[in-house]
Amino acid sequence: MSSATGSFADFLAGGGGGGHGRRDSAWAEAYVGENGFHLGPLFIHAYALAYIVGIALAVFLGRRRWASVGGDPALVEEMAIWGVPAGLIGGRIYFDITTPAAIPHVWYGVFAMWDGGMGIWGGVALAAAVCIWRLRRHGASVPLMMDALAPCIMMAQGIGRIGNYFNQELFGGPTTPPWGLKIDPQYRPPGYTGYATFQPTFLYELIWDFGFALFLIWLGRTGKLRPGGLFPLYVAGYSAFRIFEESIRIDYSQYILGLRLNFFIAVVMTAVGLAWFAVNQLRPRRGSAAPEPEAEGSTSEAAAQRAQGEAAQYPGRRPRAAAKTPSQPAGPED
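Okay, so the sequence shown: first residue is 1 according to full-length UniProt numbering, each after it adds one.
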């Protein structure tokens, strides 16, 4: 696919907006006309490069966040080694199933992810399943790792959306502001061939992804959530935005009852994320309903373990003092 030659790029390069500007920059004319660049004999696709940069950022931030809760940063790298291939496979399988008409008509078409065509939900689902398997093999905390990686994954998705610009995909209806995206005629949907610039919905999602990721980081630092609460919020928050995004997109999709297939999936995933979050936060803590009598000294040991767990989940937060029980000697009376 050729690249998107958009008025947004014209605007940044010094030209006009809304598809009516003149390209005064020869650099913009040459660069945005390609969806990648040559590196010796290799052609590097911009779509693939965006994913690589996003993954690298996620690993970098994930290592820091996992280390901040007392984890071994090397485990994040292992999650990437196993999770990234699983995510690519899951994302492509999702795309092939939900948009079969968009598969290139060549023998390797079902694998041609370098030309675009990745389903976020399929990729996240398979990558999460593989990473959970690896975490359990290591005996590591699944909820803590999921919380550490949730905002990192969302930022990676945002960077990956930059690749949609070069592939001229993920756009909405016609628009005229300077940030409008110019779509080449061969990529315009039927009924829209007379329009030049369209809403860059991939850009809207990029902004949302980074904004919501920062919100998740802030929320995690408040110490108000139980372990495992950030990941379902990520699922719900991302999917909720996709409800809006799918309602304005006009590029190719499967339709059901006049609405895009991914609109219905976004609604379902938003509900799943919210329900998951509610169960995670509201379910009774283990052993809180009817605690068994503890032997001498076991109370203080359990309290120390709880304090250690809180310190791991909320770095920098002062651990709560253990409540005194009959098994603990009382302090001297004044």
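From the three backbone atoms N, C-alpha and C, an ideal C-beta is built for every residue, glycine too.
Express the C-alpha separation of Gly117 and Gly160 in angstroms, rounding to a whole number.
Gly160 and Gly117: Cα-Cα distance of roughly 12 angstroms.
Count the C-beta pairs between the segment 271–280 and the segment 245–258 that are closer than 8 angstroms, then say yes if the count reaches three, no if not.
Segments in contact, no.
Just to confirm the assignment, what range does the alpha helix (DSSP H) spanning Leu219 have?
Taken as a continuous stretch (DSSP letters only), the alpha helix (DSSP H) holding Leu219 covers Thr201 to Thr222.
What are the uninterrupted segments assigned as alpha helix (DSSP H) that are 4 or more residues long and contained completely in the segment 117–172, given in chain order?
With a minimum length of 4 residues, the continuous alpha helix (DSSP H) runs that stay inside the segment 117–172 are 120–138, 142–160 and 162–166.
Just list the residues that DSSP pairs Gly36 with in beta bridges.
Note: Gly36 sits in a beta bridge opposite His45.
Can you name, in chain order, every residue of its own chain whose Cβ lies under 6 angstroms from the Cβ of Arg242, other than the five neighbours on each side?
Ala266.
On the CB-based measure, 16 or more other CB atoms within 10 Å of its CB, does residue 342 come out buried or exposed?
With the chain running from 1 to 334 in the structure shown, residue 342 is simply not present.
May I ask you to list the residues that DSSP assigns as paired with Leu259?
According to DSSP, which records beta bridges pairwise, Leu259 is partnered with Ile256.
Can you say whether Gln186 is buried or exposed, counting buried as having 16 or more other CB atoms within 10 angstroms of its CB?
Classification of Gln186: exposed, given that the 10 Å Cβ count is below 16.
For Gly119, which of Gly90, Thr270 and Pro189 has the nearest alpha-carbon?
Residue Gly90 is the option with its Cα nearest to Gly119.
With respect to the alpha helix (DSSP H) encompassing Ile243, which residues constitute its N-terminal and C-terminal limits?
From DSSP, the alpha helix (DSSP H) with Ile243 extends over Leu230 to Ile248.
Going straight from the alpha carbon of Asp251 to that of Pro227, what length do you get?
Using only the alpha carbons, I get a separation of about 39 angstroms.
Just the C-alpha distance for Gly36 and Phe43, rounded to the nearest angstrom, thanks.
Approximately 7 angstroms, taken between the alpha carbons.
Assuming contact is defined by CB atoms lying nearer than 8 angstroms, are Leu170 and Phe202 in contact in what I supplied?
Closer than 8 angstroms, so yes.
Considering only DSSP beta bridges, list what Leu61 is partnered with.
Partner(s): none; Leu61 has no beta bridge.
Taking just the CA atoms, how far does Ala213 sit from Ile55?
Whole-angstrom Cα-Cα distance: 15 angstroms.
In terms of residue numbering, what span does the alpha helix (DSSP H) encompassing Phe95 cover?
Taken as a continuous stretch (DSSP letters only), the alpha helix (DSSP H) holding Phe95 covers Pro73 to Thr98.
Would Pro143 pass as an interface residue toward chain B - the criterion being a Cβ-Cβ separation below 8 angstroms?
Protein chains in the displayed structure number just one, and chain B is not present.
Would DSSP call Thr270 helix, strand or coil?
Helix, per DSSP.
Indicate the three-state DSSP secondary structure (helix, strand or coil) for Pro185 in the structure shown.
Pro185 falls in the helix class under three-state DSSP.
Counting beta carbon pairs with one atom in the segment 57–76 and one in the segment 95–104, are three or more of them shorter than 8 angstroms?
Output reads no: the segment 57–76 does not touch the segment 95–104.
So, are the CB atoms of Met146 and Trp66 less than 8 angstroms apart?
No, they are not a contact pair.
With a threshold of 16 other CB atoms inside 10 Å of the CB of Gly211, please say whether the residue is buried or exposed.
Result: exposed.
Is the beta carbon of Gly158 less than 8 angstroms from the beta carbon of Leu206?
The answer is yes: Cβ separation under 8 angstroms.
What whole-angstrom Cβ distance do Leu216 and Ala127 have, given they're in contact under 8 angstroms?
Between Ala127 and Leu216 the Cβ distance is about 18 angstroms, and since that is not below 8 angstroms, they are no contact.
Let me know if Tyr255 comes out buried or exposed under the rule of 16 or more other beta-carbons within 10 Å of its beta-carbon.
With fewer than 16 other Cβ atoms within 10 Å, it is exposed.
Could you check if Asp209 is buried or exposed, using at least 16 other CB atoms within 10 Å of its CB as the buried criterion?
It counts as buried.
Using DSSP bridges, identify the partner residues of Thr197.
Note: Thr197 sits in a beta bridge opposite Lys182.
Looking only at its chain, what residues have a beta carbon closer than 7 angstroms to the beta carbon of Asn280, apart from the 5 residues adjacent to it on each side?
Hits under 7 angstroms: Arg226, Gly228, Gly229 and Pro232.
Could you check which residue in Trp121, Gln168, Ala86 and Ala50 has the C-alpha nearest to that of Arg134?
Of the listed residues, the one whose Cα sits closest to Arg134 is Ala86.
Give me the Cα-Cα distance between Ala196 and Gly123, rounded to the nearest whole angstrom.
If I take the Cα positions, the gap works out to 32 angstroms.
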